[in-house]
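Q: Which chain is which? The protein sequence lines are A, B and C, in order.
Count along the first sequence starting at 1, add 31, and that's the number in the numbering used here.
Count along the second sequence starting at 1, add 153, and that's the number in the numbering used here.
Count along the third sequence starting at 1, add 1, and that's the number in the numbering used here.
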Amino acid sequence: MTPEKTKEVELQATVLRLLGDIAPEADLTSLNPVLSIRDQLDIDSMDFLNFVIALDKELHIAVPETDYTKIATLDGCVAYCLQRLEHV
Amino acid sequence: MANFVMPKLGADMNMGRLLSWSKNIGDRIERGEIIAEVHTDKADIEIESFISGVIEKYLIEPGEEVPIGTVIAIIRKDGEVTTTNETPVEIAAAPTVAPDLSKRETMTETVRLHISPVAKKLAAELGIDPTQVKGTGPGGRITREDIENAAKTKTEKPAPDRQTGMRQIIAAAMARAKREIPHYYLRTTIDLKRALDWLAQENEKRSVADRLLYGVLLIKAVAMALREVPELNATWENEQVNPKPSINVGIAISLRQGGLIAPALLDADKKSLDELMQKFRDMVQRARAGRSRSSELSDATITITNLGEQGVEEVFGIIYPPQVALVGFGKIVERPWAVNGMLGVRPIITATLSADHRVSDGHRGGLFLSALDRLLQEPENL
Amino acid sequence: MTYREAIRAAMRNALQHDPRVFLMGEDVDQYGGAFAVSRGLREEFGAERVRDTPLSESAFVGAGIGAALGGMRPIVEVMTVNFSLLALDQIVNNAATLRHMSGGQFSIPLVVRMATGGGRQLAAQHSHSWEGWYAHVPGIKVLTPATVQDAYGMVLAALADPDPVFIFEHATLYPMEGEFDDSSGAADISKAVIRRVGGDVSLITYGGSLGKCLQAAEALAKEDIAAEVIDLRILRPLDIQTILASIRKTHRAVIVDEAWRTGSFAAEISAQIMEQAFDELDAPVARVCSAEVPMPYAKHLEDAALPQVAAIVNTVQGMM
Chain A
32 MTPEKTKEVE
42 LQATVLRLLG
52 DIAPEADLTS
62 LNPVLSIRDQ
72 LDIDSMDFLN
82 FVIALDKELH
92 IAVPETDYTK
102 IATLDGCVAY
112 CLQRLEHV
Chain B
154 MANFVMPKLG
164 ADMNMGRLLS
174 WSKNIGDRIE
184 RGEIIAEVHT
194 DKADIEIESF
204 ISGVIEKYLI
214 EPGEEVPIGT
224 VIAIIRKDGE
234 VTTTNETPVE
244 IAAAPTVAPD
254 LSKRETMTET
264 VRLHISPVAK
274 KLAAELGIDP
284 TQVKGTGPGG
294 RITREDIENA
304 AKTKTEKPAP
314 DRQTGMRQII
324 AAAMARAKRE
334 IPHYYLRTTI
344 DLKRALDWLA
354 QENEKRSVAD
364 RLLYGVLLIK
374 AVAMALREVP
384 ELNATWENEQ
394 VNPKPSINVG
404 IAISLRQGGL
414 IAPALLDADK
424 KSLDELMQKF
434 RDMVQRARAG
444 RSRSSELSDA
454 TITITNLGEQ
464 GVEEVFGIIY
474 PPQVALVGFG
484 KIVERPWAVN
494 GMLGVRPIIT
504 ATLSADHRVS
514 DGHRGGLFLS
524 ALDRLLQEPE
534 NL
Chain C
2 MTYREAIRAA
12 MRNALQHDPR
22 VFLMGEDVDQ
32 YGGAFAVSRG
42 LREEFGAERV
52 RDTPLSESAF
62 VGAGIGAALG
72 GMRPIVEVMT
82 VNFSLLALDQ
92 IVNNAATLRH
102 MSGGQFSIPL
112 VVRMATGGGR
122 QLAAQHSHSW
132 EGWYAHVPGI
142 KVLTPATVQD
152 AYGMVLAALA
162 DPDPVFIFEH
172 ATLYPMEGEF
182 DDSSGAADIS
192 KAVIRRVGGD
202 VSLITYGGSL
212 GKCLQAAEAL
222 AKEDIAAEVI
232 DLRILRPLDI
242 QTILASIRKT
252 HRAVIVDEAW
262 RTGSFAAEIS
272 AQIMEQAFDE
282 LDAPVARVCS
292 AEVPMPYAKH
302 LEDAALPQVA
312 AIVNTVQGMM
């Protein structure tokens, strides 16, 4: 695995864990990475805000509201985080 | 001495089962501190003391189920010494019915469980509700093994009884509302452009953890509008209206495993947006973890339901008795909108009011919705 | 070696090693005792130390108390427990009290042995189990050896004790063969003993009922019920801790005692369990005791009146 790929796999695991904390009842293994997280996990704006807060705490990525659409899917969220971490 | 009674934690609650005491006998308790955890069909609820003092005595044990209004603890108020022949003052965490002691005897009789001592102890340790366990011992006694098996099943599938219980509660409350309350419904569309622009600016300045949700603006605006039309902030009990001095806004929170719960933000009109946001977040988290507090569940004076998250544009809600009004919000949609002779695209939300015609009339309801609209146009003043 | 021989061996040992020890009782010398426990001792130790007494329990138990006060180590054999009632005044009012009433100046190192229990078709006047009554009285110790080893060791332990000790020998045990280590010396007379380990129910018993409980445990094991069998060994002072520890494991208790249940020692054990282990119980404490009738003579009626293996098994099954 390339270092980039390793990093991506790690990030995905982190994102899934944070989602799991917010929606403990949800089955994350069946999450489709290209579809809306909110629709699939039935999470509302409060849950989503808690997810954004968790991203900030865990990865020190403060997602502005204008970027919320970019982290709407699992793949999108991982890609967004990768990009943000590179440009620190 | 003050008697602490089993509080009424919802219009349909008749009995409460004590899960645990949070303090030991002799401990000090401050007003607002959690004294006990009580199980109702709807949730496990933390009960707050409405008096400061020292716990003198507990009258029931964890696992016991008693009718609301039953004295469950005695608290020695500050400055009192222990005496025996004082007449205790009734206190409660919520409005209660007068305790009918003769009735208590018969009711405790009927709920007396056939359970072995060790099974009872184990049930308390494992958090198993023994009334939901079928006894397989001699004469149907619930044995240690029955509790162990129940604990195994419990970990296998998460609490199906809670679900059923909550469904029954919702069914009873909603059926009562539709049976007894002559609802009238009003609807208005509100331009949220100013509110959302203000919010976006505001949130840009804030750290992630301090961001506001637009829902908080709606809550605050509803609370402020109620000051102008106070008859919607009331309850209908014993064939008469009881105006409520504080504005406690119940928020319908859907639970992921099904069902809903509507804990209240107390004194919502007096709280800043930041305070409301913080309480709101805390309350949603605890509600979803099954940890609502007694005052939150018993004291709501009006309810807001926001189905916009689910994508619907309007909701005509059913009032939660004994409240007399419910405010619904739909999804924010972009629509063509004419302002001052100019057509533009604006974010629009549909607000609805379901109100009890025994208490208010459409005219007053209309004033409420227009006040709501006006308040949301001045978000900086909320 | 038999239970009877073990007691005899212990007494012989004591007679050999301690000149203060002597045995007295009805028919203990030429006849060798009603249950042949002392057979041969008269020949070995002479009429001075193995003495016949008149048929007066009050007199010879009182004489034993006097001898003990005077520095001797008497072993008094009362033929059977029912006759001991004639000596109750000496036992309860003198033997049990004098250390206390003399402020500790007098001690009564007396050993009284007697046969107890039913099951031998001796009918209503010779089948009692009064050891529970004696256990009511502070100031004396009550031993109930149920094994050959205890039969030996408890006699020596009783002789070593500075206070009156009463040994109740279930008469059906005398011919019982068992393991025996004659180098073991005096037995520990402070602890009950778990004779069989199990996790589902505690069978609490002593003396003549121990064998029945072990058989019942064997039968229950075939049904996958693991019974723990506790041999109390000493009724006073009662080792309640061993009972409680067992109940904390099994959560069920059955007390098996040949005495009648009303006002019985089984009732006392039951009460102490309620007082100290209520929260551990998964079922009410059960008792298997004798039917509340004067013991019948007819074999089938006596069998029906006494606790039997089947009754113990049924009681346990009914608790599960």
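Glycine included, every Cβ here is placed at the ideal spot set by N, Cα and C.
Quick caveat: nothing in here was measured; it's all calculated off a predicted structure.
Kindly identify the DSSP beta-bridge partner or partners of phenylalanine 167 of chain C.
A: Taking the third sequence and counting its residues from 1, one reaches residue 167 of chain C at position 166. Partner(s): C/Val113 and C/Val143.
Q: Give the straight-line distance between the Cα atoms of glycine 319 of chain C and glycine 292 of chain B, rounded to the nearest whole angstrom.
A: Taking the first residue of the third sequence as position 1, residue 319 of chain C is located at position 318. Taking the first residue of the second sequence as position 1, residue 292 of chain B is located at position 139. Glycine 319 of chain C and glycine 292 of chain B have their alpha carbons spaced roughly 10 Å apart.
Q: Which residue from B/Val224, B/Ser173, B/Thr317 and B/Ala226 puts its Cα closest to that of isoleucine 198 of chain B?
A: Counting from one through the second sequence, the residue named residue 198 of chain B turns up at place 45. Out of B/Val224, B/Ser173, B/Thr317 and B/Ala226, B/Ser173 has the C-alpha closest to the C-alpha of isoleucine 198 of chain B.
Q: Just grab the DSSP bridge partners of lysine 210 of chain B for me.
A: Numbered from 1 along the second sequence, position 57 holds the residue referred to as residue 210 of chain B. DSSP, once it has assigned bridges, lists B/Ile227 as partnering lysine 210 of chain B.
Q: Give me the chain C residues within the contact set of glycine 290 of chain B, using Cβ-Cβ distance strictly less than 7 Å, ordered along the chain.
A: Within the second sequence, the letter at position 137 stands for residue 290 of chain B. Ordered by position in chain C, the residues that pass the 7 Å Cβ test against glycine 290 of chain B are Ala284.
Q: Quick one: what's isoleucine 457 of chain B bridged to in DSSP?
A: In the second sequence, the residue the question calls residue 457 of chain B occupies position 304. For isoleucine 457 of chain B, which the question treats as bridged, DSSP gives the partners B/Ile404 and B/Val480.
Q: Where does alanine 311 of chain C land, buried or exposed, given buried means 16+ other C-beta within 10 angstroms?
A: Counting from 1 along the third sequence, the entry for residue 311 of chain C is found at position 310. Exposed is the call here.
Q: Where DSSP assigns a beta bridge to leucine 339 of chain B, which residues make up the other side?
A: Here residue 339 of chain B corresponds to residue number 186 of the second sequence, with the count starting at 1. Answer is B/Leu506.
Q: Where does serine 507 of chain B land, buried or exposed, given buried means 16+ other C-beta within 10 angstroms?
A: Looking up residue 507 of chain B in the second sequence gives position 354. Buried: at least 16 other Cβ atoms inside 10 Å.
Q: With a threshold of 8 Å between beta carbons, is serine 360 of chain B in contact with chain A?
A: Within the second sequence, the letter at position 207 stands for residue 360 of chain B. Chain A, which has a Cβ nearer than 8 Å to the Cβ of serine 360 of chain B, makes this yes.
Q: Tell me the residue span of the alpha helix (DSSP H) that contains leucine 520 of chain B.
A: Taking the second sequence and counting its residues from 1, the one referred to as residue 520 of chain B is at position 367. Looking at the DSSP string, the run of the alpha helix (DSSP H) that includes leucine 520 of chain B is 515-529.
Q: Give me, in chain order, the residues of the same chain whose beta-carbon lies closer than 7 Å to that of histidine 323 of chain C; leave out the 5 immediate sequence neighbours on both sides.
A: Past the boundaries of the shown model lies residue 323 of chain C; chain C is included only from 2 to 321, so the question cannot be answered.
Q: Whose C-beta lies closer than 6 Å to the C-beta of glycine 185 of chain B among residues of the same chain, with five residues either side of it excluded?
A: Within the second sequence, the letter at position 32 stands for residue 185 of chain B. Around glycine 185 of chain B: Glu201.
Q: Determine whether the Cβ of valine 151 of chain B lies closer than 8 Å to any Cβ atom of chain C.
A: This structure leaves residue 151 of chain B out entirely; chain B is present only between 154 and 535.
Q: Have a look at leucine 174 of chain C and tyrosine 4 of chain C and give me their C-alpha separation to the nearest angstrom.
A: As a working note, residue 174 of chain C is residue 173 in the third sequence. As a working note, residue 4 of chain C is residue 3 in the third sequence. Using only the alpha carbons, I get a separation of about 6 Å.
Q: Which complete beta strand (DSSP E) runs does the stretch 271-299 of chain C hold, if anything under 3 residues is left out?
A: 287-291
Q: Only counting the same chain, and skipping five residues up and downstream in sequence, which positions put a Cβ closer than 7 Å to that of isoleucine 226 of chain C?
A: For this step, residue 226 of chain C is matched to residue 225 along the third sequence. Result list for isoleucine 226 of chain C: Asp201, Val202, Val317 and Met321, in chain order.
Q: So alanine 272 of chain B contacts chain C; which residues on that side make the cut at Cβ distance below 7 Å?
A: Translated into positions along the second sequence, residue 272 of chain B becomes position 119. Here the neighbours are Asp283.
Q: Does the Cβ of arginine 288 of chain C have 16 or more other Cβ atoms within 10 Å, making it buried, or fewer, making it exposed?
A: As a first step, residue 288 of chain C must be located in the third sequence, where it is residue number 287. The residue in question, arginine 288 of chain C, is buried, as its Cβ has 16 or more Cβ neighbours within 10 Å.
Q: Would you kindly work out how many angstroms separate the C-alpha atoms of phenylalanine 46 of chain C and leucine 16 of chain C, rounded to a whole number?
A: Position 45 of the third sequence holds residue 46 of chain C. Position 15 of the third sequence holds residue 16 of chain C. Rounded to whole angstroms, phenylalanine 46 of chain C to leucine 16 of chain C spans 8 Å at the Cα level.
Q: Select from the stretch 341-365 of chain B all residues with a C-beta closer than 8 Å to any C-beta belonging to chain A, and list them in chain order.
A: Ala353, Asn356, Glu357, Ser360, Val361, Ala362 and Arg364
Q: If you measure between the beta carbons of valine 465 of chain B and threonine 458 of chain B, is that distance less than 8 Å?
A: Here residue 465 of chain B corresponds to residue number 312 of the second sequence, with the count starting at 1. Here residue 458 of chain B corresponds to residue number 305 of the second sequence, with the count starting at 1. No, they are not a contact pair.
Q: In whole angstroms, give me the CA-to-CA distance for alanine 60 of chain C and aspartate 53 of chain C.
A: One-based indexing of the third sequence puts residue 60 of chain C at position 59. One-based indexing of the third sequence puts residue 53 of chain C at position 52. Looking at the two C-alpha atoms, the distance is approximately 12 Å.
Q: May I ask you to list, following chain order, the residues of the stretch 68-82 of chain A that have a beta carbon less than 7 Å from some beta carbon of chain B?
A: Asp73, Asp75, Ser76, Met77 and Leu80
Q: How is the alpha helix (DSSP H) around arginine 17 of chain C delimited, first residue to last?
A: Locating residue 17 of chain C in the third sequence gives position 16, where the first residue counts as 1. It is worth fixing the name first, because residue 17 of chain C is glutamine in this sequence and not arginine. 4-18 is the span of the alpha helix (DSSP H), which, as asked, contains glutamine 17 of chain C.
Q: Between C/Leu70, C/Lys300, C/Gly104 and C/Leu233, which has its C-alpha nearest glutamate 132 of chain C's C-alpha?
A: Numbered from 1 along the third sequence, position 131 holds the residue referred to as residue 132 of chain C. Nearest neighbour of glutamate 132 of chain C by Cα position, chosen from C/Leu70, C/Lys300, C/Gly104 and C/Leu233, turns out to be C/Leu233.
Q: Excluding the 5 residues preceding and the 5 following proline 215 of chain B in the sequence, name in chain order all residues of the same chain whose CB lies nearer than 8 Å to its CB.
A: What you label residue 215 of chain B is simply residue 62 of the second sequence in a count that begins at 1. Here the set comprises Leu171, Leu172, Ser173, Trp174 and Ala277.
Q: Quick one: which residues of the stretch 299-321 of chain C get their C-beta closer than 9 Å to a C-beta of chain B? List them in chain order.
A: Gly319, Met320 and Met321
Q: Go to isoleucine 178 of chain B, then tell me how far its beta strand (DSSP E) extends in each direction, as first and last residue.
A: By 1-based counting over the second sequence, the position of residue 178 of chain B is 25. Careful: isoleucine 178 of chain B lies outside any beta strand (DSSP E) and carries neither H nor E.
Q: Tell me, please, whether the CB atom of glutamate 96 of chain A is closer than 8 Å to any CB atom in chain B?
A: Position 65 of the first sequence, counting from 1, holds the residue named residue 96 of chain A. Closer than 8 Å to some Cβ of chain B, the Cβ of glutamate 96 of chain A qualifies, so yes.
Q: Can you list, in chain order, the stretches of the alpha helix (DSSP H) that have 4 or more residues and sit fully within the stretch 363-395 of chain B?
A: 367-381
Q: Is it buried or exposed for serine 448 of chain B, if we count other Cβ within 10 angstroms and need 16 for buried?
A: As a first step, residue 448 of chain B must be located in the second sequence, where it is residue number 295. Buried: at least 16 other Cβ atoms inside 10 Å.
Q: What's the call for tyrosine 473 of chain B, buried or exposed, on a 16-neighbour Cβ count within 10 Å?
A: Translated into the one-based positions of the second sequence, residue 473 of chain B becomes position 320. Buried.
Q: Beta carbons nearer than 8 Å to chain B: which residues of the stretch 258-288 of chain C have them?
A: Phe279, Asp280, Glu281, Leu282, Asp283 and Ala284
Q: At which residues does the beta strand (DSSP E) containing tryptophan 131 of chain C begin and terminate?
A: As a working note, residue 131 of chain C is residue 130 in the third sequence. Taken as a continuous stretch (DSSP letters only), tryptophan 131 of chain C belongs to no beta strand (DSSP E), as it is neither H nor E.
Q: Is the Cβ of serine 173 of chain B closer than 8 Å to any Cβ of chain C?
A: Here residue 173 of chain B corresponds to residue number 20 of the second sequence, with the count starting at 1. Interface residue (Cβ-Cβ distance to chain C less than 8 Å): serine 173 of chain B is not classified as such.
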